[in-house]
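Undergrad: Before anything else, here's the structure in question.
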Amino acid sequence: MSFRTHINRQPADAEPRAGQCLRTYLRERGWFGVKKGCDAGDCGACTVHVDGEPVHSCLYPAFRAEGRNVTTVEGLARPDGELHPVQQKFLDAQGFQCGFCTAGFLMTTAALEAERGTEHDDGKLDDLPRAFKGNICRCTGYRAVEDAVRGVRHTERPCAGGAVGRSLGAPAGPQVVTGTARYTFDVDVPGLLHMKLLRSPHPHARIVSIDTADALRVPGVHAVLTHEDTPATLYSTARHEHPTEDPDDTRVLDDVVRYVGQRVAAVVADSEQAAEEGCRRVKVVYQELPYVTDPEEAMRPGAPALHGDKAPESRIARADHNLAGEVHGEVGCVADGFAEASVVYEETFRTQRVQHASLETHGSVAYFEPKEDGTGERLTVRSSTQAPFLTRRALCALYGLPEDEVRVVAGRVGGGFGGKQEMLTEDIVVLAALRLRRPVKLEFTRAEQFYGATTRHPFTIGIKLGARADGTLTAVQMRVVANTGAYGNHGPAVMFHSVGESFAVYRAPHKKVDAYSVYTNCVPAGAFRGYGLGQVTFAVESAMDELARRLGMDPLVLREKNIIGAGEHMVSPIGEEEDLHIASYGLDQCLGVVRRALAEDTSSEEIPEGWLTGQGSAMAMIATGPPGGHYADARVSLLEDGTYDVAVGTAEFGNGTTTVHQQITAGALNTTQDRIRIRQSDTDVVRHDTGAFGSAGTVVAGKAVLLAATSLAERLKTLAARHTGVARHLCTLGAEAFDCAGRVVTLKELYEAARAGGAEDELAADGHWGGSPRSVAFNAQWFRVAVDPGTGEIRILRSVHAADAGKVMNPMQCRGQVEGGVAQALGATLFENVRIDARGKVTTAAFRRYRLPQYADVPRTEVHFMETSDAIGPLGAKSMSESPFNPVAPALANALRDATGIRFTELPVTRDRLWLALDRRGHTAGISGRVS
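Now the structure itself:
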């Protein structure tokens, strides 16, 4: 067969493999702008044009492109390099965050733009929910995408010294919109082998034997790895600065499997197809063991102990009771507090598993590169990770490798949300690379992302509140059970964090908590945006709303009466964190925004007759960084051409830290953003960086960058004074030169003078920050909703979010973080749910079964920033990556309670659950009650 097509105006005649989709065909030819997000036609990240028509290339057979013209995002620009108008609009609006989905939106929009005014124009661009029903964005909340399509510009022009506080565009923006930004697998590695994993069909079983002979006979299979090939070392997949925060309960490959989906063997082959066939031919004999999927049952005497074989060195709290961790504490005496109360409210709330659903799945590739000194090779691991330095440390400990023999680098990461604060692929890939001395790649499928990665922890929270008649809280008590799944990665830490700020934000003389992180034979839970606070805040803020109703008070008044104030100590029954301070206070402003929104709202005026309407709010507090130290090193250098280089360890995955680091540097050095180059997320560039998690990108890594840039400015000023003989205080640093009492010395000239004078060390400066002391950030969310009692449909009429982010470094980006957090939380509140069956098997292992928020589901959220400046954060900034998520679920639940009279105590509040609750109540609003 003679095959010929044109890709981006270039001929291609390589014949596709049998059954090959167009996506893989294009990527194998180097067109990496075509992304893999689902391989099921659900997400749109792979959208390309075939003869001008947009298609999902993961579903489009490659052979059908014969004789056609295929255009990817790389070919969208004009032949002379000028951006396509749609690309320019997305760049001007910054219609992206991580950017992994952006090519799909660009290609869809460009095709619809081309149809404008033709016979094929069916008005989709005027109906974006319909236009984008085949495209998913997990980061932005879609407002930025809409603004891009409509041609709304948000990015500002750079100016010397005035970078901080302005909406400057992301440095990688031009690469994102042209498809040339390089994510984890957007590289060509010669001789690459592919890995596939055989996974357990049982929730709990011992492996009696594994026969790999048939698998090894598959043409192209190079190795089959089993538990007999791996170290016996126990570790945790969680990445923390202090590994002792997590129990060591995991092996690379184990002879005991503890959940359906746990990896059993790894097959390495020349192609994914051969590796998959090898997996099918591995013969495993299992001895099935008793299993338990309910955490309450797991804690009872006689329950199967998942890790009963572990020694005390594993740091499992009580392995015989399946407790990965537990915490108990009391301030005052809650019994006395409840005796003093005029009103007591008690309820149990439940939250579900949620998938991070970052569009770039977990994956890594390991290969060998020559050392710079020519003395041999060293191992390089390219990974979709939020913590490259901690991953290197773990790999070296696991395989006995010196750190200077291993490099871990993250390209641009296609979304994280905490899910990539894990080592889920790097360990097994490195094992294979060390064994075969060949490059090896493992990339999760979308299904594996559901049953082979991690989820948000499901929580059960029993809460009891007491208050006097005037609304003064007398006691707060909670019993919290977190289902950590089969392994304890992040389990104890999430449990501990969940009952910290959630207790401390309210004053009460008596507080008590009993919290448990429980092993079950289910897919492991892990780090997720909010790190446990979102689950417990749902219970606390719902209970406060209900308590206010029983007191006959306005819920806002009840909150204002009991919230912690500026300068007060934060009291939690788990103990006071000495390095945590209220270094700026905007919670009162946040609640003021909610009050004004409520007073001025007219959104319910156009609701159809018979619909129920209501409003509700909630608030949350979060520490601006994790406890125990979070470290970042940075180096800022003057380059030979008079521009600057910033080396920092933090990964970029849509969190916007790269832009902020540029802005901080530009401000300190009185220059413009375009004169600063960032090198990041590479263990070669700086000494150490704990990682891009815990909302640390600005307040920790940004602080290190500020210290380095400020120090360099001082060094350069000394050099300029020495070079010119002018007093130091008369030398002023500008964008490209010093003005020393009228004498202009360019930065290029200064660089050359320093080199000639042996002062090269003065051309760079280092900064370090240890993440302590820490401050707190505040958020409040308000909704007005309408409910159709006949169908259970919920319409969000208005969404308002108040964020205390301190000094807002980049308003456009920070707004995007808030909008994305609200959108993700709405998904978790209304429909997202990783469902499992009675054996713990995930049954929603695809986007079309899981139900992510799409364009039509997400309202525009009005974002308000408070006027505060933090005494600890860099230049007054606070974190704002995780915190917007936390108050959303209770605010919506409180609005639904106001509209329907029903207290929903379990998430998600799906349309069918809402309709059934209304039906049981005879569609009658205003009656207090609960639905579980």
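If you read the sequence shown in numbering that gives the first Met the number 0, its first letter stands for residue 0, the second for the next number, and so on.
Here a beta-carbon is modelled for each residue, glycine too, at the ideal position from N, C-alpha and C.
Note that the structure is predicted; figures quoted are calculated from it, not measured.
#1: Roughly how far, in whole angstroms, is the beta-carbon of P810 from the beta-carbon of S166, given that I think they are within contact range, below 8 Å?
#2: What whole-angstrom Cβ distance do Q614 and R783 have, given they're in contact under 8 Å?
#3: Would a C-beta distance cut-off of 8 Å place G591 and L746 closer than the cut-off?
#4: For the candidate residues A17, T536, P886 and F104, whose alpha-carbon lies nearest to that of R129?
#5: Quick check on K510: does DSSP put it in helix, strand or coil?
#6: Going by the beta-carbon positions, is the gap between L435 and A222 smaller than 8 Å?
#7: My guess is that V480 and E295 are in contact by the Cβ rule of under 8 Å, so how many angstroms apart are they, rounded?
#8: Closest by CA to F495, which one among I562, E425, P572 and Y398?
#9: Please tell me whether, using a cut-off of 7 Å, the distance from the CB of L21 to the nearest non-hydrogen atom of the ligand HEM is below it.
#10: Quick check on the DSSP output: what are the complete alpha helix (DSSP H) runs of length 4 or more inside the segment 355 to 418, in order along the chain?
#11: My understanding is that T177 touches Q86, with C-beta atoms under 8 Å, so please give their C-beta distance in whole angstroms.
#12: Which one of D897, L891 and P401 has the shortest CA to CA distance from E905?
#13: Could you tell me the alpha carbon to alpha carbon distance between A214 and V281, rounded to whole angstroms?
#14: Around the C-beta of H629, are 16 or more other C-beta atoms found within 10 angstroms, so that it is buried, or is it exposed?
#15: If you measure between the beta carbons of P202 and V259, is that distance less than 8 Å?
#16: Can you give me the C-alpha to C-alpha distance between A776 and D247, rounded to a whole angstrom?
#17: What is the rounded straight-line gap between the Cα of T658 and the Cα of H239?
#18: Tell me the residue span of the alpha helix (DSSP H) that contains M811.
#19: For the alpha helix (DSSP H) containing L597, list its first residue and its last residue.
#20: With the cut-off set at 8 Å, would you say L90 and P173 are in Cβ contact?
#21: For my contact list, L472 and Y505 are in at a C-beta cut-off of 8 Å; report their separation, rounded to the angstrom.
#22: Count the CB pairs spanning the segment 847 to 855 and the segment 682 to 696 that are closer than 8 Å, and state whether there are at least three.
#23: Please report the Cβ distance between A162 and A665, rounded to the nearest whole angstrom; I am assuming they are in contact, meaning their Cβ atoms lie under 8 Å.
#24: For S880, count the other beta carbons within 10 Å of its own beta carbon; 16 or more makes it buried, fewer makes it exposed. Which is it?
#25: Mark T97 as exposed unless 16 or more other C-beta atoms lie within 10 angstroms of its C-beta, in which case mark it buried.
#26: Give me the Cα-Cα distance between S341 and R558, rounded to the nearest whole angstrom.
#27: State the start and end residues of the unbroken beta strand (DSSP E) segment that holds G103.
#28: Any chance you could list the alpha helix (DSSP H) runs of at least 4 consecutive residues sitting entirely within the segment 420 to 482, in chain order?
#29: Within this structure, are the beta carbons of E761 and R727 separated by less than 8 Å?
#30: Do the segment 336 to 351 and the segment 444 to 461 make contact, defined as three or more Cβ pairs closer than 8 Å?
#31: Which stretch, first to last residue, makes up the beta strand (DSSP E) that contains S208?
#32: Rounded to whole angstroms, what's the CA-CA distance from D911 to S583? Just pull it up for me.
#33: Which of the three DSSP states, helix, strand or coil, is assigned to Y24?
#34: Leaving aside the five residues before and after V930 along the sequence, list all residues of the same chain whose C-beta is less than 6 Å from its C-beta, in chain order.
#35: For K370, does the count of other Cβ atoms within 10 angstroms reach 16, so buried, or fall short, so exposed?
#36: Looking only at its chain, what residues have a beta carbon closer than 7 Å to the beta carbon of C155, apart from the 5 residues adjacent to it on each side?
TA: The structure says:
#1: One-based indexing of the sequence shown puts residue 810 at position 811. One-based indexing of the sequence shown puts residue 166 at position 167. That belief holds up - the Cβ atoms of P810 and S166 are roughly 5 Å apart, short of 8 Å.
#2: Here residue 614 refers to the residue found at position 615 of the sequence shown. Here residue 783 refers to the residue found at position 784 of the sequence shown. Yes, Q614 and R783 are in contact; Cβ-Cβ is about 5 Å, under 8 Å.
#3: Locating residue 591 in the sequence shown gives position 592, where the first residue counts as 1. Locating residue 746 in the sequence shown gives position 747, where the first residue counts as 1. The answer is no: Cβ separation not under 8 Å.
#4: Locating residue 129 in the sequence shown gives position 130, where the first residue counts as 1. Measuring from the Cα of R129, the nearest candidate turns out to be F104.
#5: Here residue 510 is taken as the residue at index 511 of the sequence shown, counted from 1. Strand, per DSSP.
#6: Position 436 of the sequence shown, counted from the start, is the residue given in the question as residue 435. Position 223 of the sequence shown, counted from the start, is the residue given in the question as residue 222. Yes, they are a contact pair.
#7: Looking up residue 480 in the sequence shown gives position 481. Looking up residue 295 in the sequence shown gives position 296. Going by Cβ atoms, the distance from V480 to E295 rounds to 7 Å, so yes, they are a contact pair.
#8: If you number the sequence shown from 1, residue 495 lands on position 496. Comparing Cα-Cα distances from F495 to each of I562, E425, P572 and Y398, the minimum goes to P572.
#9: This structure simply doesn't include the ligand HEM, nor any ligand for that matter.
#10: 387 to 398
#11: To locate residue 177, count along the sequence shown from 1; it is residue 178. To locate residue 86, count along the sequence shown from 1; it is residue 87. About 7 Å; that satisfies the 8 Å criterion.
#12: Here residue 905 is taken as the residue at index 906 of the sequence shown, counted from 1. If you compare the alpha carbons of D897, L891 and P401 with that of E905, the shortest gap goes to L891.
#13: On the sequence shown, position 215 is the one that residue 214 refers to. On the sequence shown, position 282 is the one that residue 281 refers to. So the alpha carbons of these two residues sit roughly 6 Å apart.
#14: What you label residue 629 is simply residue 630 of the sequence shown in a count that begins at 1. Burial call: buried.
#15: Residue mapping note: residue 202 aligns to position 203 of the sequence shown, counting from 1. Residue mapping note: residue 259 aligns to position 260 of the sequence shown, counting from 1. Their beta carbons are under 8 Å apart, which means P202 touches V259 by this criterion.
#16: By 1-based counting over the sequence shown, the position of residue 776 is 777. By 1-based counting over the sequence shown, the position of residue 247 is 248. Cα-Cα distance, rounded: 32 Å.
#17: As a first step, residue 658 is located in the sequence shown; it is residue number 659 there, counting from the start. As a first step, residue 239 is located in the sequence shown; it is residue number 240 there, counting from the start. Their Cα atoms are separated by approximately 25 Å.
#18: Taking the first residue of the sequence shown as position 1, residue 811 is located at position 812. For M811, the uninterrupted alpha helix (DSSP H) segment begins and ends at P810 to L829.
#19: In the sequence shown, the residue the question calls residue 597 occupies position 598. Segment L586 to E599, the alpha helix (DSSP H) holding L597.
#20: Here residue 90 corresponds to residue number 91 of the sequence shown, with the count starting at 1. Here residue 173 corresponds to residue number 174 of the sequence shown, with the count starting at 1. In terms of Cβ geometry, L90 and P173 form a close pair [threshold 8 Å].
#21: As a position in the sequence shown, residue 472 is number 473, starting the count at 1. As a position in the sequence shown, residue 505 is number 506, starting the count at 1. Indeed they touch by this definition, with Cβ atoms about 6 Å apart.
#22: Verdict: no, contact absent.
#23: Within the sequence shown, residue 162 is the residue found at index 163, counting from 1. Within the sequence shown, residue 665 is the residue found at index 666, counting from 1. With 8 Å as the limit, A162 and A665 qualify as a contact, their Cβ atoms being about 4 Å apart.
#24: Reading the sequence shown from its first residue, position 881 is the one you call residue 880. It counts as buried.
#25: Translated into positions along the sequence shown, residue 97 becomes position 98. In the sequence as displayed, the identity of residue 97 is Cys instead of Thr. The residue is buried, with at least 16 neighbouring Cβ atoms inside 10 Å.
#26: Locating residue 341 in the sequence shown gives position 342, where the first residue counts as 1. Locating residue 558 in the sequence shown gives position 559, where the first residue counts as 1. Straight-line spacing of the CA atoms in S341 and R558 works out to 17 Å.
#27: Along the sequence shown, one-based indexing puts residue 103 at 104. Element bounds for G103: not the beta strand (DSSP E) but the alpha helix (DSSP H), T101 to E114.
#28: Taking only runs of at least 4 residues, the alpha helix (DSSP H) segments lying wholly in the segment 420 to 482 are 425 to 435 and 445 to 450.
#29: If you number the sequence shown from 1, residue 761 lands on position 762. If you number the sequence shown from 1, residue 727 lands on position 728. 8 Å or more divides the Cβ of E761 from the Cβ of R727.
#30: yes
#31: Walking along the sequence shown from the start, residue 208 turns up at place 209. It spans A204 to D210 - the beta strand (DSSP E) in which S208 sits, taken as one unbroken run.
#32: The residue you call residue 911 lines up with position 912 of the sequence shown. The residue you call residue 583 lines up with position 584 of the sequence shown. Going from the Cα of D911 to the Cα of S583 covers about 43 Å.
#33: One-based indexing of the sequence shown puts residue 24 at position 25. Note: Y24 maps to helix in three-state DSSP.
#34: Against the sequence shown, residue 930 aligns to sequence position 931. With a pLDDT of 36 at V930, under the threshold of 50, the modelled position of this residue cannot be trusted; read the value that follows with caution. Only I901, F903 and A916 meet the Cβ criterion.
#35: The residue you call residue 370 lines up with position 371 of the sequence shown. The residue in question, K370, is exposed, as its Cβ has fewer than 16 Cβ neighbours within 10 Å.
#36: As a first step, residue 155 must be located in the sequence shown, where it is residue number 156. Note that residue 155 is Glu in the sequence shown, not Cys. Taken in chain order, the residues that qualify are R165, S166 and L167.
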